[in-house]
Structure formats: structure tokens, C-alpha cells
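One structure is given here, and the rest of the page talks about it.
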Amino acid sequence: MILYGYVIMSNHIHLIVQSKEGKLSDLIRDFKKFTSKNILEAIQTEPESRKDWMLHLFKNAIESHSRNKNYQFWQYGNHAEEIYTLHFMWDKLNYIHLNPIRAGIVEKAQHYIYSSASNYVNGQGLLEVELADNPIIDVTKKNEFWKYNNYDE
């Protein structure tokens, strides 16, 4: 998997990825399977005050779907969009990086730790990403979404 961008919010996640081989749907399926197993295992084994409440929610989610046996972490389906131009890539990067700003969590996109915005601003982030070429949109300023920028702080 090649990761170009991400934002992890409290109730959803955005990924801009490319499958190295195989279909994107297979990559998403495997990603959901791997992450749900590991996250649920962490919830079950770590001392977390909301553990029982969270597991109850995940257990209730399986009632409408017979595929899951114990818990449902991810919703069924996804909202994949094919990125076919560099301009569209930057529209999507801009959109996902601005999520924490729109949610009122941070003033600048690169200050949100669970995002690849800082990778694009200063080359550092929690996860390694493949940087998209030629940044054309400024994701670092709250009210200047469409200006050209060199990503300097």
C-alpha cells in the first residue's frame, strides 16, 4: 500500500492510498480486517474505563449484519473515489487535511497529530507518506484554502 495522505478523526478516517498490486477493494477489506482485530484486541486487554460501553456498542452493531460473529468495528462499505489528476489529488488532500480545522480542533492543519498535513509542511508525521508532487493548495492556513504556497510555516 502506498499512503499519500490521511486524517484520523474521532468518528471517521480518510485515507488517500494506492494499491501496489491487486484491487483497491481487496486492500480496503484487508485494512479493515487487520485494524478492527487489533483495535478490538487493544480495547479488550488494556485498562480502559469505557471498555464495556465500547464493546457493547460494537456488539450491538452486528445485529443487523450476519457476517460478523462478535463485534463490528467498521461500517460496511466505503466511499472510494478514483484520483485521476494531480489537481484532484490536491483537492482531496486539502479536504482531508482541513477536517480538524472544520471540527474546531486546531487552527492549522499541521498541528493535528493524527494527520499527514505535517508531512507536507515539515516532512515529519506519525506515519510515513509518499508526498504528492507539486503542492498547489495551502492546507496550513485556516482561511486561505486556495492560495498557492511553498508550505513554509
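In the UniProt record's numbering, the protein residues as written are 1 to 153. Note that the Cβ used here is the ideal one computed from N, Cα and C, for glycine as well.
Practice task
Measure the alpha-carbon distance for residue 14 versus residue 97 and round it to whole angstroms.
Solution key: Taking the straight line joining both Cα atoms gives about 9 Å.
Problem - Residue range of the unbroken beta strand (DSSP E) whose run includes residue 44 - result: Taken as a continuous stretch (DSSP letters only), residue 44 belongs to no beta strand (DSSP E), being part of the alpha helix (DSSP H) at 24-45.
Exercise for the section: Would you please state the rounded distance, in angstroms, between the beta carbons of residue 83 and residue 16? I believe it to be under 8 Å. Expected result: 7 Å
Problem - Distance between beta carbons of residue 110 and residue 117, contact taken as under 8 Å - result: About 5 Å; that satisfies the 8 Å criterion.
Problem - Residue environment, residue 100, which counts as buried when at least 16 other CB atoms sit within 10 Å - result: buried
Handout entry: DSSP three-state assignment for residue 120, whether helix, strand or coil
Key = helix
Exercise for the section: Would you kindly work out how many angstroms separate the C-alpha atoms of residue 49 and residue 123, rounded to a whole number? Expected result: Their Cα atoms are separated by approximately 36 Å.
Practice task
Take residue 8 as the anchor and find which of 127, 131 and 53 has the nearest alpha-carbon.
Solution key: 127
Problem - Coil, strand or helix - residue 8 by DSSP - result: strand
Handout entry: Beta-ladder partner(s) of residue 2, from DSSP
Key = 18
Exercise for the section: For residue 132, collect the residues of the same chain with a Cβ closer than 6 Å to its Cβ; drop the 5 residues on either side in sequence, then sort them by chain order. Expected result: 4 and 89
Exercise for the section: Using a threshold of 8 Å, state whether the C-beta atoms of residue 57 and residue 43 are closer than that. Expected result: no
Problem - Rounded distance between the beta-carbons of residue 112 and residue 106, thought under 8 Å - result: With 8 Å as the limit, residue 106 and residue 112 qualify as a contact, their Cβ atoms being about 5 Å apart.
Problem - CA nearest to the CA of residue 70, picked from 36, 78 and 121 - result: 36
Exercise for the section: Report the residue ranges of all alpha helix (DSSP H) runs contained in full by the region 75-100; include only those spanning at least 4 residues, in chain order. Expected result: 86-97
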